[in-house]
Structure formats: C-alpha cells, structure tokens
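Notes follow once the structure below has been shown.
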Amino acid sequence: MRILLLCLVSLLAACQSNSVTAPPAPIAPQGRDHADHRVIRELATGRTLTPQALVERLAAAPRVLVGEQHDNPDHHALQLWLLRQLAARRPQGSLLMEMLNPDQQAKVDAAQADTRAGQPPANVYQALSWQANWDWSVYGAVVTYALSQPYPLLSANLDRAQIMQIYQQRPTLSGEASTTQQVQATLLEDIRESHCGLLPESQMPAMLAVQQQRDRHMAERLSTAPTPALLLAGAFHVRKDLGVPLHLKDLGAGKGNAVLVLAEAGKTVTAESADYVWYTAAQPEQDHCASLRGGTSSTMQR
C-alpha cells in the first residue's frame with residue numbers, strides 16, 4: 000500500500016510538472032465573440048490543440064519561429080507566456096527578436112549581465128537604446144523578462160546603415176528555396192500592397208532585396224544561435240512559404256523547426272505558411288494607407 004501511495008504521489012508530481020498554466024486573458028478589444036477566438040490549430044491536420052499540446056510540440060523543436068502582429072498586446076502576452084512554459088519543460092537556449100538591431104547587442108549584453116548580477120538597469124528602455132518605433136508598452140515585459148534569464152537575448156534585425164547599403168547595392172541572394180520566381184513575385188506583390196501602391200516601380204527590386212536580406216539575416220542568426228532557439232518577428236517574416244524558414248532551408252538548417260503564427264480571429268492562416276496558428280482578440284483596424292498618403296514613413300514592419 001505504501002509503495003502504491005508513493006507511486007501515485009510521484010505520478011501526480013510528474014503530471015504537475017508537465018502541466019501548463021492558463022494562457023493570459025484577452026486584452027485587445029475586438030473579435031472576442033468570433034468562433035476562432037482562443038483556438039489553437041495544427042494546420043497540417045486541422046486538429047484543434049490545447050495550450051499544453053502546443054507547448055509539448057514546440058518544446059521538441061530545435062528552433063521555434065513565432066509570428067506576431069506588432070500592435071496586438073495579446074500577441075506579446077502570449078509570447079511571454081510561451082517563453083515561461085517552454086522554459087519549464089526544457090532549458091531555453093536563446094531568444095532572438097526582430098526588434099533588436101546589431102548595434103544594440105553590446106548594450107543588451109551589458110544589461111543582461113547587470114541584471115543577472117542583481118543590478119538591473121534603472122531604465123531598461125534607455126539602457127538598450129530601444130527604438131521608438133517598437134512600442135515599449137507591449138514589448139517591455141518580454142524584454143525585461145528575457146534579460147533576467149540564463150540564456151542570451153539576441154538581435155535578429157539589420158542596422159539602418161546595413162539596410163540602406165542593401166537598398167543601394169542589391170546584393171545577390173544565394174539558395175534555391177528563397178530565390179524562386181514564385182517566392183519573389185509574391186513578395187513583390189505584398190510590398191506593393193503594404194505600401195498601398197505608392198512606391199515607384201523602379202524602387203521595387205531594391206525593396207525586395209531589403210525584405211529578403213532581412214529574412215536571410217534572421218535565418219543566419221537563428222541557425223547559429225544556441226538551441227533550442229526562439230525567434231519573435233512579424234508574421235510575414237516567419238512564413239514557411241516566403242520568409243525565414245526558406246532561408247533556413249538554404250542554410251542547411253531547415254529540419255525540425257516549428258512555425259507558430261499568432262493571428263487575430265477572422266484572419267486566414269494556411270498550412271503552407273505555418274505549422275500552427277493561435278487566434279487572438281483583435282485590435283481596431285487602422286487606415287495604414289492614409290498614414291502613407293499623409294507622408295508617414297513605413298519601415299516594412301510586417
């Protein structure tokens with residue numbers, strides 16, 4: 000009887016250690032009554048997953064790519080939740096963020112070292128020279144959490160000077176998966192659409208080069224980062240049919256990775272573009288084209 004009791008206690012402890020806490024409540028104001036709200040779907044099978052089942056699948060991947068809508072607070076809350084759940088199941092190797100540039104890496108490293116030593120920066124935003132175009136009110140919690148962890152927080156984007164050089168010189172991109180006519184034609188069409196048809200056609204090749212070199216750089220960083228690695232980037236960057244996963248394949252690091260797209264309920268995400276989708280509440284629609292017509296610059300934050 001005592002042996003049986005001990006076995007039951009051990010089994011219960013194991014179950015508790017493998018369980019996940021409930022995901023955070025929705026923050027965004029719209030879409031909460033949509034049938035897909037808070038639904039997690041395995042896109043290859045159409046099967047609905049529990050949060051725990053999703054964590055189990057992602058925990059087995061050497062690299063996890065998480066795509067977000069940059070202005071949706073639910074996506075950032077879920078990213079923080081996911082980091083904690085994955086770390087509870089196995090040691091995290093590294094976290095990479097599109098929102099960090101190479102010229103910030105030394106400051107990130109210093110802030111992380113100070114935080115681990117019990118002397119965190121009084122103002123993390125200033126310590127990292129955080130870029131104002133990435134809303135700190137939604138990114139701050141993830142970044143602050145990552146600085147206190149034993150794994151490195153790594154930049155995944157390009158510096159502005161590097162982007163301008165690519166725009167002017169348009170380097171040749173190597174690799175079979177990322178350079179097909181279909182991939183580049185689809186990207187060009189998206190660039191036209193995201194810039195509301197306002198870009199001169201003469202600028203399109205340079206804009207395509209910038210988009211693909213950003214994806215290639217993210218893939219290079221991800222392929223050499225300590226595993227298991229997790230990348231946080233715009234949903235378009237992590238698409239399996241257009242973005243970073245194609246470049247990982249060209250770099251010989253395409254096997255076993257997992258792509259999760261966080262999407263607002265009502266949006267379409269296909270099995271060609273991601274492995275999993277998690278539908279969230281939605282932010283109010285913004286007239287992006289009106290901003291561009293008014294002269295507001297676009298940074299292609301997809």
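Quick note on numbering: the sequence shown equals residues 0 to 301 in numbering that gives the first Met the number 0.
C-beta atoms are modelled at their ideal positions from N, C-alpha and C, and glycine is treated no differently.
8 Å CB neighbourhood of residue i in its chain, flanking five on each side removed
| i | result |
| --- | --- |
| D35 | A264, G265, Y278 |
| Q89 | Residue identity check: residue 89 is Arg in the sequence provided, not Gln. Cβ neighbours of R89 beyond the five flanking positions: A58, P227. |
| M203 | L187, I190, R191 |
Nearest-angstrom beta carbon gap, residue j and residue i [assumed within contact, 8 Å]
| i | j | result |
| --- | --- | --- |
| R169 | A205 | 6 Å |
| A273 | P25 | Not quite, the Cβ-Cβ distance comes to about 21 Å (not below 8 Å), so this is no contact. |
| N156 | R213 | 7 Å |
| Q125 | L152 | Not really, about 17 Å apart at Cβ, beyond 8 Å. |
Proximal residues to residue i (C-beta, below 6 Å), its chain only, five neighbours per side dropped
| i | result |
| --- | --- |
| A208 | I165, R169 |
| V268 | V260, A262, V276 |
| R238 | S272 |
| M163 | none |
| H33 | A264, G265 |
| G242 | D214, H236 |
| W133 | M98 |
| V19 | P50, Q51, V54, Q84 |
| C288 | C195 |
| H216 | L157 |
For residue i: DSSP bridge partner residues
| i | result |
| --- | --- |
| A257 | V63 |
| Y150 | The partner list for Y150 (beta bridge, DSSP) is empty, contrary to what the question assumes. |
| Y138 | Y138 pairs with nothing; no bridge assigned. |
| Q29 | A281 |
| G233 | E67 |
| L48 | I39 |
| Y275 | E41, L259 |
| A228 | R62, S93 |
C-beta atoms of residue i and residue j nearer than 8 Å
| i | j | result |
| --- | --- | --- |
| L85 | V258 | no |
| Q211 | S154 | no |
| Q91 | V141 | no |
| A27 | D73 | yes |
| E271 | D240 | yes |
| S310 | H246 | Missing from the structure shown is residue 310; the chain here goes from 0 to 301 and no further. |
| V107 | L94 | no |
| E97 | A232 | yes |
| Y144 | L221 | no |
| L48 | R40 | yes |
| C195 | L291 | yes |
| E219 | L250 | yes |
| P149 | W80 | no |
Exposure of residue i, with buried meaning 16 or more beta-carbon neighbours within 10 Å
| i | result |
| --- | --- |
| L99 | buried |
| A244 | What sits at residue 244 in the sequence shown is Pro, not Ala. Answer is buried; the Cβ neighbour count reaches 16. |
| D158 | exposed |
| L197 | exposed |
| E67 | buried |
| Q118 | exposed |
| H236 | buried |
| D286 | exposed |
| R62 | buried |
| Q181 | exposed |
| N71 | buried |
| Q282 | buried |
| A234 | buried |
| A121 | exposed |
| A21 | exposed |
| A224 | buried |
| Q15 | Annotation note: pLDDT 43 at Q15 (below 50); position unreliable, coordinate value reported separately. Exposed, since its Cβ has fewer than 16 Cβ neighbours within 10 Å. |
| A184 | exposed |
| A160 | exposed |
| A109 | exposed |
| A60 | buried |
Chain-order list of residues whose beta-carbon lies under 7 Å from that of residue i (same chain, five-residue window excluded)
| i | result |
| --- | --- |
| R31 | P25, A280 |
| Y138 | H75, M98 |
| A116 | none |
| L53 | I39, Y275 |
| T114 | L146, S147 |
Interface flag, residue i vs chain B, CB-CB below 8 Å
| i | result |
| --- | --- |
| P50 | Here chain B cannot be found, since the structure has a single protein chain. |
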